[in-house]
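As structure tokens, the structure follows; a few thoughts come after it.
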Amino acid sequence: MKVLMINGSPRANSNTRLALEEVGKTLKENGIDYEIANIGTKPVHGCIACGRCGELGRCVFDDDPCNRWAALLAESNALVVGTPTYYGQPNGALLALMQRLLYSQSHLAMHKPAAGIAICRRGGATAALQSLTMMFQLQHMPMVTSQYWNIVYGRAEGQAALDSEGMQTMRALGRNMAFLLKRIHLQEPVQYPESEPWEPMHFIR
Ligand SMILES: Cc1cc2nc3c(=O)[nH]c(=O)nc-3n(C[C@H](O)[C@H](O)[C@H](O)COP(=O)(O)O)c2cc1C
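So this note's numbering is basically just the index in the sequence shown, starting at one, shifted up by 534.
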């Protein structure tokens, strides 16, 4: 089993990556593999609501990580998204990519356990975390929790390692993710719940 971890920080030695690695270390100790996909520093597109993903089965923009992440998500059993906190929110590039990834590939995310992680210097991480979890909540993704909100503190690169409670929270998250994944995959093939056909609001078709 494998967990895809998205690192939304553009910084090379980011605190977000440190937090993700702590989750990953714990996953490995519990026999579960992981891969970190970095957002990098190149420009990314926002969703232009063209609807072409419905025909193509992928996002129309191929020059940023969205479709690469989709391929990684396809071969993963769970998703963890880590974000730095920018003005009390996930950074804009990460939000743009996640919106396109989930809109174009909702079937790849469906029923896969998910967790968000937010890093901040001082404040706004709970709101950033809320933004991430809003995306998981309408993809049928069971959300994995920890002993505290999934928050780690740090400003300069590497400082997150000094937040011992934050790092402990990451390890607890990794253990809970491993526990849930093992429960879900106890029986193969997994019997996911059936979905009803979508019933859109009567006044918006
Ligand atoms: C544009 C920008 C906005 C930021 N806004 C906040 C904020 O609202 N609250 C906060 O506590 N830290 C804020 N920070 C600090 C970062 O969240 C902090 O440095 C964090 O460790 C960055 O994570 P990273 O190392 O993974 O990139 C901001 C940093 C930048 C560059």
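Glycine included, each C-beta is placed from N, C-alpha and C at the ideal position.
- In this model, Gly-708 and Ala-648 are separated by some 11 Å (Cα to Cα).
- When the beta-carbon positions are compared, Asn-684 and Ile-651 come within less than 9 Å of each other.
- Contact check between the region 653-665 and the region 597-604: fewer than three CB pairs, one atom from each, fall below 8 Å, which does not count as touching.
- Secondary structure of Cys-600 (DSSP, three-state): helix.
- The closest CA to that of Ala-612, considering only Leu-720, Ala-712 and Ser-698, is found on Ala-712.
- Less than 9 Å separates the beta-carbon of Thr-617 from that of Ser-543.
- Judged by DSSP in its simplified three-state form, Met-539 adopts strand.
- Judged by DSSP secondary structure, Val-557 falls within the alpha helix (DSSP H) whose first and last residues are 549-563.
- For Phe-737, the number of other beta carbons within 10 angstroms of its own is below 16, and it is reported as exposed.
- Here Asn-572 carries a strand assignment [DSSP, helix/strand/coil].
- For Leu-672, no alpha helix (DSSP H) encloses it, and the DSSP letter there is neither H nor E.
- When the five nearest sequence neighbours on each side are left out, the beta carbons in the same chain lying within less than 7 Å of the beta carbon of Leu-714 are those of Pro-647, Pro-676 and Val-678, in order along the chain.
- Contact between the region 536-551 and the region 581-593 is absent: fewer than 3 CB-CB pairs across the two stretches fall below 8 Å.
- Apart from sequence neighbours up to five positions away, no residue of its chain approaches Trp-732 with a beta-carbon distance below 8 Å.
- By the Cβ test, the region 633-643 is not in contact with the region 689-697, since fewer than three Cβ pairs between them sit closer than 8 Å.
- In this chain, the beta strand (DSSP E) harbouring Gly-650 covers 648-654.
- As a beta-bridge residue in DSSP terms, Val-686 pairs with Ile-653.
- Within its own chain, the residues whose Cβ lies closer than 8 Å to the Cβ of Ser-610, once the five positions on either side in sequence are excluded, are Lys-536, Val-537, Leu-538, Glu-569 and Lys-646, listed in chain order.
- In the structure shown, the three-state DSSP call for Met-711 is helix.
- Residue burial annotation: Leu-590 is exposed, with fewer than 16 other C-beta atoms found within 10 angstroms of its C-beta.
- Looking at the backbone, the Cα of Met-668 and that of Leu-636 are separated by about 12 Å.
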